[in-house]
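Novice: One structure follows; several queries about it will come next.
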Amino acid sequence: MPPQPTLSRSTFLKAAVGAGALLAVPAAAEAATRGTQAVVTNKVADLTGPGLTNQFRMQATDLGFPVRTPDGRMLFMFGDTFENPVVGGGWWRSPVALWSTTTNLAGGVKWSGAVGGAAAQQLWDYPHDNPTFSTVLPSDVITFGGSMYLHAMVNKGLGNVVWTEIWRSDNSGASWYHTGAKFPSDIDGGLFQLLTWGEGNDGYVYVYSTGFQRNKPTS
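Adding 122 to a residue's 1-based position in the sequence shown gives its number in this note's numbering.
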């Protein structure tokens, strides 16, 4: 049997959102595929935590996501991050990011460095728990040419989004600057707070988005 082609995250997003594959399935198609065998996945390895990311002073971190950088590496971006292995365990940062040059995933992802230096630095400077907001959480990154765009949620407590915004990097994630794009939390009925996005083959960017209260549909 010839080797099966791999499917990258960006290719999946382009194919899925470009065709609207995840939006709706006709009844006949749903019935025809109901008996299709599910894809089997297996955990390969832990990525963060004690003994894994100590060198970056981030033993506790929030959910993260990977994105291919313009220079060919992978960038993994994370939300609320602490130095010690417990929430509130000192040196609160968000977002932070780690690079990897791993190409063989059989042994798990190996880190090649952190954005900001030896220790993972917050991607841009701001004080947590300030009068306006408490933390900024990364939503998703999309890459066009040599530029990466991050959609981020500005929160004042869990589930209370104050606004969202878009940041840009032109050096594969090493530094970020605000694009000026800023969206109120109630835009589109509060469904443009948390998103994933991908470029379709028709030149448009397709977005799946929802609210950050964990009780809203996607749009």
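Using N, Cα and C, we set each Cβ at its ideal position, and we do this for glycine too.
Given the structure is predicted, the values throughout are model-derived calculations rather than measurements.
For Asn277, does the count of other Cβ atoms within 10 angstroms reach 16, so buried, or fall short, so exposed?
Specialist: buried
Novice: Which full runs of the beta strand (DSSP E) of 3+ residues lie inside the region 169-242, going along the chain?
Specialist: 186-190, 196-200, 218-222 and 233-236
Novice: Any idea which residues DSSP pairs Thr332 with across the strands?
Specialist: Leu316
Novice: When burial is assigned at 16 or more other CB atoms within 10 Å of the CB, is Trp213 buried or exposed?
Specialist: exposed
Novice: Three or more C-beta pairs closer than 8 Å, one from the region 268-287 and one from the region 230-238: is that the case here?
Specialist: No: the two stretches stay apart, fewer than three of their Cβ pairs being nearer than 8 Å.
Novice: Measure from the alpha carbon of Ser294 to the alpha carbon of each residue in Gly281, Met275, Thr265 and Leu316, then state which is nearest.
Specialist: Thr265
Novice: Helix or strand or just coil, what does DSSP make of Gly311?
Specialist: helix
Novice: Taking Cβ positions, are Thr318 and Asp262 nearer each other than 8 Å?
Specialist: yes
Novice: Just the Cα atoms here: how many angstroms apart are Asn164 and Phe187?
Specialist: 18 Å
Novice: Does the Cβ of Ser216 have 16 or more other Cβ atoms within 10 Å, making it buried, or fewer, making it exposed?
Specialist: buried
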